[in-house]
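Chains Z and X, in that order, are what the protein sequence lines are.
Residue numbers 1 to 562, in our numbering, belong to the letters of the first sequence in order.
Residue numbers 1 to 452, in our numbering, belong to the letters of the second sequence in order.
Even for Gly, the Cβ is constructed at its ideal location relative to N, Cα and C.
Worksheet for the structure shown next.
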Amino acid sequence: MISPTKEELITINLNGLEVEVPNGMNAVEAAALHGHEVPHYCYHPKLSVAGNCRMCLVEMGTPMRDRATGEPILEEDGSPKIGWVPKPVIGCATNVSSGMHLRTESDLVSECREGIMEFLLVNHPLDCPICDQAGECRLQEFATDYGRGYSRYVERKNVKPKRTRLGPRVTLDDERCILCSRCIRFSQEVAKDDVLGFVDRGSFSTLTCFPGKELSNNYSLNTVDICPVGALTSTDFRFKMRVWFLKESKSICVESSAGCNTTVSSREGVIQRITPCRNDLVNDTWMTDSGREIYKTVRSEDRILRPSVKGEDQPLNETISSAVNILQENKIGLVASCHSTLEEQILTKKLADLTKAEIFLRGHFGEDDGILLSADRSPNLRGALVTGLIQEYPEDNLLALNDAITKGDVEVLLVMNEDLIKSGISEENLAKVKVVYIGTHSNSSSQNADIVLPGLSVFEKGGSFINRSFLLQSFELCIPGPVGLKSQAEVLSAIIAQLSNEECISTNLDSIWELVNSGQIDLLSSITYADLKVAPVQLDGSRWSQLNFVEKEALNYRPLAS
Amino acid sequence: MNEQTPKERRIILKHADDPTYSNRISCYLREGGYEVLKKAFGMKPEEVGEEVLKSGVRGRGGAGFPAGMKWKFLDRKSGKPIYLICNADESEPGTFKDRQIMYKDPHQLIEGMMIAAYAIGAKQAFIYIRAEFHEGARILNQAITEAKENGYCGDNILGSEYSCDLVVHRGAGAYICGEETGLIESLEGKRPNPRIKPPYFPAVLGLYQCPTIVNNVETLCNVRHIIEMGGEEFSKIGKPNNTGTRIWCVSGQVMKPGYYEFECGALTMGQLIFDVCGGLLPGRSLKAVIPGGSSAKVLRADERFTGTLKDGSEFDWGLEDIPLDFDGPMAAGSMSGSGGIIVMDDTVDIVEAMANINAFYAHESCGQCTPCREGSLWMRKITQRMCSGGAREEDADLLLSVAKQIEGRTICAFGEAAAWPTQSFVTKFKDDFIKKASESSDDRNPQTLQLI
Ligand SMILES: Cc1cc2nc3c(=O)[nH]c(=O)nc-3n(C[C@H](O)[C@H](O)[C@H](O)COP(=O)(O)O)c2cc1C
Ligand code: SF4
Ligand code: SF4
Ligand code: SF4
Ligand code: FES
């Protein structure tokens with residue numbers, strides 16, 4: 001995790017020990033810093049404090065002062081006399097101050113937790129065997145950690161709606177809702193789409209959408225993530241998989257230059273869901289709904305699964321050799337991609353240098369939502385700047401390439417990912433050039449290519465991207481790629497090796513980074529891939545401050561001052 | 001009536017039952033209305049506040065907090081507007097005094113409020129009136145119009161520079177709207193979910209996150225009388241720390257239930273029930289009294305209350321000896337709360353009374369925080385089952401345990417309001433609860449007894 005910014009440290013007494021914590025931090029976080037869990041439901045570090053679940057009750061006292069003189073009152077041994085608040089207080093709304101005493105472990109605190117757990121469970125359905133949340137459910141976890149262990153409840157349980165459609169992607173089971181209001185606060189405060197609320201009173205309170213509204217914004221699935229129980233469920237993931245079968249890997253969302261950190265959950269090589277992973281510099285704990293859908297492209301119909309030459313399937317090595325043959329010709333154009341990883345871009349640049357190719361690159365732009373879907377709809381445009389593929393800010397087309405073909409300056413094209421027709425290359429011009437296509441999915445480029453070299457999706461390889469804030473972040477392999485396929489980096493390495501009659505650069509990322517560290521790219525020269533795997537690296541993007549980046553001010557992002 | 005029984009001293013309800021008096025401004029002016037407002041406007045706002053502080057008047061809404069002190073907590077440094085809110089949500093079971101004031105003498109409240117607004121520097125004041133008081137809202141609106149026409153409210157009051165608008169806001173129809181921070185939320189147009197304190201103390205972060213004073217109807221009416229007679233003089237009414245009069249709302253099995261205004265400490269519980277209210281119904285004996293609205297702890301007729309008072313004197317009281325003021329019921333382990341005195345005689349089934357109270361609190365919990373939301377309904381279900389033939393011996397202890405898990409762990413004082421009745425009923429009448437178990441048979445459907 002990223003270390004918090006330096007704050008004033010103060011000393012408090014936590015369960016009898018003097019410890020240092022940042023001034024004003026709430027007691028839940030302060031205790032956690034020193035290894036004491038304060039269980040909580042409604043508190044969420046990125047939302048306002050509601051204080052309604054009462055699970056975080058702790059004992060609190062402050063040094064007493066004389067009313068008249070303001071002088072501290074001392075015990076006989078000279079230590080400050082502590083005025084303990086007679087009732088337990090909620091940790092989430094208690095901000096620490098110097099000399100404060102906290103007890104997060106005491107008989108009273110245990111009793112409080114036991115009581116709250118019992119109350120939360122009396123009207124809770126026994127759905128665990130069929131509940132999506134089981135295995136990652138706070139109610140289950142705290143029931144075993146802090147609960148009484150048996151039930152004293154013999155009355156009938158409340159009955160509430162079991163499958164309310166709140167929106168296109170979220171289904172609500174009201175009986176499981178513990179009324180923590182996290183989802184409501186998220187909708188108001190982060191998504192800025194105030195559509196959820198409670199109706200009715202007391203234990204009959206029921207979460208619902210306001211009349212005529214639905215939870216359909218592009219952040220709706222975050223409510224499912226932060227719901228501490230199985231009340232809000234993803235309609236997509238509902239009843240599909242027990243979470244304890246899932247393998248979790250850290251990844252980066254490729255939807256836009258925001259670079260949301262994600263957790264990709266897969267089972268036996270098949271991705272089941274994508275959820276956000278906390279990064280306070282980037283996405284806090286959120287991501288878009290649309291970004292979660294991207295895993296579906298891994299197994300989509302238009303995925304390219306075999307290398308081919310002139311439409312005929314060929315073994316990979318032979319296809320690479322055919323590509324090398326074409327690339328030895330003159331007048332080569334290279335369409336680089338802001339969807340490529342930084343490592344792929346480094347190799348693309350090397351290949352361009354080797355073949356004296358002219359480099360073209362298209363940007364992909366859309367509406368900026370001011371939160372986590374930025375106007376730059378590619379994960380690594382800044383990578384193309386850093387690796388020197390481009391110097392100017394790109395257009396959202398390849399018209400320059402089209403002109404170059406028309407003029408006869410380009411006769412052979414190596415294309416990374418891009419769809420040439422959709423980028424403004426005329427059919428006529430496309431017919432004039434020989435095309436080597438490296439990419440994951442079929443498009444006009446692959447359909448018209450002489451040689452097609454399939455690549456791996458972002459989930460099937462490791463690498464790194466530079467996000468809109470010039471934060472360099474790595475991601476790991478989540479699932480194996482289709483049988484027999486190699487990553488774009490390996491394919492590019494093999495082509496480079498054959499073209500230069502050298503040994504293959506390598507197949508692993510560490511050795512590509514050795515290339516980087518040999519000083520070719522000054523901004524990256526002191527970074528190793530091993531470091532990057534541990535924590536993201538903030539790059540200094542100021543040399544590009546005169547470029548007109550399309551992103552608008554958004555969550556954790558401010559445009560470079562030009 | 002017994003000779004020694006003290007006479008009512010009607011200050012607040014002075015004109016309430018005068019057949020020649022109506023709620024129109026003409027009557028109010030006839031009786032010297034708005035003269036005190038003129039007096040107050042001749043003083044500095046701080047001086048008005050000082051008088052209220054000196055008077056020692058305590059809040060009549062339930063908690064009994066000194067009004068002058070509350071006003072002093074106002075955050076004046078923030079520079080934000082200051083609001084005054086009159087809490088007219090009166091919904092504590094057993095309480096019906098504010099309604100009398102508003103229906104019968106609304107101008108008294110308006111005058112009190114304008115004085116209070118002047119003292120605290122509020123330019124906008126609200127009367128948050130219980131939803132069910134349709135007629136009350138109409139009367140108040142009519143009175144405000146009259147007051148505005150006469151320059152006693154609204155723009156340039158009494159020709160001065162000072163303006164304060166007054167708006168009647170109809171409540172949202174729930175008991176919890178009377179809790180001051182819930183009231184504020186409701187006034188802002190939201191669900192009346194009480195706020196967490198800290199940080200949301202109304203005097204600092206109240207209505208629209210601005211400093212706000214919330215006072216009960218009766219409290220604000222007292223302000224008028226305090227300024228009329230001076231704080232010093234007012235403080236001589238009643239007893240030290242229990243100044244002024246109180247309106248006791250008596251309900252239950254007495255001959256003459258109703259509202260009675262007495263100087264604080266002027267009479268005992270016994271005098272009120274047996275003399276003022278004409279005693280119990282014929283042939284009945286006293287079983288229990290709830291002294292301050294349904295959330296106050298119940299007192300048993302044959303209990304002895306002993307201890308030491310604040311002034312150091314020892315006391316040894318029976319129920320009938322408890323002096324009626326703020327401190328008396330408090331010393332007896334309960335509270336005078338909102339002044340709602342509920343009398344229960346020997347025909348009352350204590351468990352059923354408990355079930356009724358529990359039904360109220362389960363129905364009225366806002367549902368925000370876990371202990372109150374779940375605990376109140378659970379207690380309702382237990383007592384409902386007990387009254388429907390399904391009582392078990394262990395239920396008494398279970399009720400106590402549930403109540404204990406609520407008390408002191410909730411966002412607002414509703415938690416205590418819900419827990420205290422159970423804690424006192426079950427502790428003091430444990431035998432009645434145990435006996436239910438032996439009377440029980442399982443052939444009745446626990447869902448049949450519909451309480452509210
Ligand atoms: C659950 C609950 C309900 C309340 N209802 C009322 C009410 O109906 N009227 C009222 O004046 N105060 C009520 N109060 C007390 C208010 O919160 C507040 O203390 C009072 O209005 C302050 O006025 P005072 O200082 O003049 O008494 C209630 C408190 C609680 C906890
Ligand atoms: S929300 Fe948790 S405790 Fe409730 S049914 Fe689901 S898994 Fe079980
Ligand atoms: S649905 Fe989930 S997040 Fe929303 S209030 Fe209920 S428990 Fe909390
Ligand atoms: S104590 Fe009861 S009424 Fe008060 S906030 Fe909590 S749930 Fe609502
Ligand atoms: S976490 Fe819910 S009250 Fe503190």
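Would you kindly check if the distance between the Cβ of residue j and the Cβ of residue i is under 8 Å?
i        : j        : result
Z:Pro125 : Z:Arg163 : no
Z:Leu430 : Z:Ile421 : yes
X:Ala172 : X:Pro194 : no
Z:Phe475 : Z:Gly455 : no
Z:Val435 : Z:Asp419 : no
Z:Cys56  : Z:Ile12  : no
Z:Phe465 : Z:Ile252 : yes
Z:Val38  : Z:Ala27  : yes
Z:Glu329 : Z:Val412 : yes
X:Gln368 : Z:Asn517 : no
X:Ile157 : X:Met102 : no
X:Ser336 : X:Pro421 : no
Z:Leu524 : Z:Phe470 : no
X:Gly270 : X:Glu233 : no
Z:Glu214 : Z:Val195 : yes
X:Glu90  : X:Gly62  : no
X:Glu111 : X:Val36  : yes
X:Glu364 : Z:Ser203 : no
X:Met330 : X:Ala355 : no
X:Met113 : X:Leu205 : no
X:Phe305 : X:Arg9   : no
Z:Ile495 : Z:Leu327 : yes
Kindly indicate if chain Z contains any beta-carbon less than 8 Å away from that of residue i.
i        : result
X:Leu37  : no
X:Leu140 : no
X:Thr410 : yes
X:Arg373 : yes
X:Cys153 : no
Just the Cα atoms here: how many angstroms apart are residue i and residue j?
i        : j        : result
Z:Asp77  : Z:Leu9   : 26 Å
X:Lys256 : X:Ser285 : 16 Å
Z:Ala134 : Z:Gln140 : 7 Å
Z:Asn548 : Z:Tyr393 : 7 Å
Z:Thr223 : Z:Ile130 : 20 Å
Z:Ile371 : Z:Leu47  : 15 Å
Z:Glu293 : Z:Ile274 : 8 Å
Z:Asp302 : Z:Ser446 : 11 Å
X:Ala288 : X:Val254 : 12 Å
Z:Glu367 : X:Lys80  : 39 Å
X:Phe360 : X:Ile176 : 11 Å
Z:Glu490 : Z:Gln546 : 35 Å
X:Ile247 : X:Leu207 : 29 Å
Z:Gly167 : Z:Ser216 : 5 Å
Against chain X, with Cβ distances strictly below 8 Å, would residue i count as a contact?
i        : result
Z:Cys137 : no
Z:Cys112 : yes
Z:Ser3   : For Z:Ser3, the predicted structure reports a pLDDT of 47, less than 50, and the residue's modelled location is therefore unreliable. The matter cannot be settled from this model.
Z:Gly202 : yes
Z:Ser290 : no
- If we count Cβ pairs, one from each stretch, closer than 8 Å, do we get three or more for the region 421-436 of chain X versus the region 289-301 of chain X? yes
- Message: Please enumerate, following chain order, all residues with a beta carbon closer than 7 Å to at least one heavy atom belonging to ligand 3.
- Response: For ligand 3, the selected residues are Z:Leu172, Z:Cys177, Z:Ile178, Z:Leu179, Z:Cys180, Z:Ser181, Z:Arg182, Z:Cys183, Z:Ile184, Z:Leu207, Z:Thr223, Z:Ile226, Z:Cys227, Z:Pro228, Z:Val229, Z:Ala231, Z:Leu232.
- Residue list, Cβ distance to ligand 4 heavy atoms smaller than 6 Å: X:Ile176, X:Pro194, X:Ser365, X:Cys366, X:Gly367, X:Gln368, X:Cys369, X:Cys372, X:Arg373, X:Thr410, X:Ile411, X:Cys412, X:Phe414, X:Gly415
- Query: Three or more C-beta pairs closer than 8 Å, one from the region 390-409 of chain X and one from the region 114-133 of chain Z: is that the case here?
  - Reply: yes
- Which residues, in chain order, sit with a beta-carbon under 7 Å away from any heavy atom of ligand 5? With 7 Å as the limit between CB and the heavy atoms of ligand 5, the residues that fall short of it are Z:Val28, Z:His40, Z:Tyr41, Z:Cys42, Z:Tyr43, Z:Ala50, Z:Gly51, Z:Asn52, Z:Cys53, Z:Arg54, Z:Met55, Z:Cys56, Z:Ile90, Z:Gly91, Z:Cys92, Z:Ala93, Z:Cys180.
- Query: Does the region 320-327 of chain X come within contact of the region 122-130 of chain X, defined as at least 3 CB pairs closer than 8 Å?
  - Reply: Between the region 320-327 of chain X and the region 122-130 of chain X there are fewer than three C-beta pairs closer than 8 Å, too few to call the two in contact.
- Query: Does the count of Cβ pairs from the region 106-122 of chain X and the region 66-78 of chain X closer than 8 Å reach three?
  - Reply: yes
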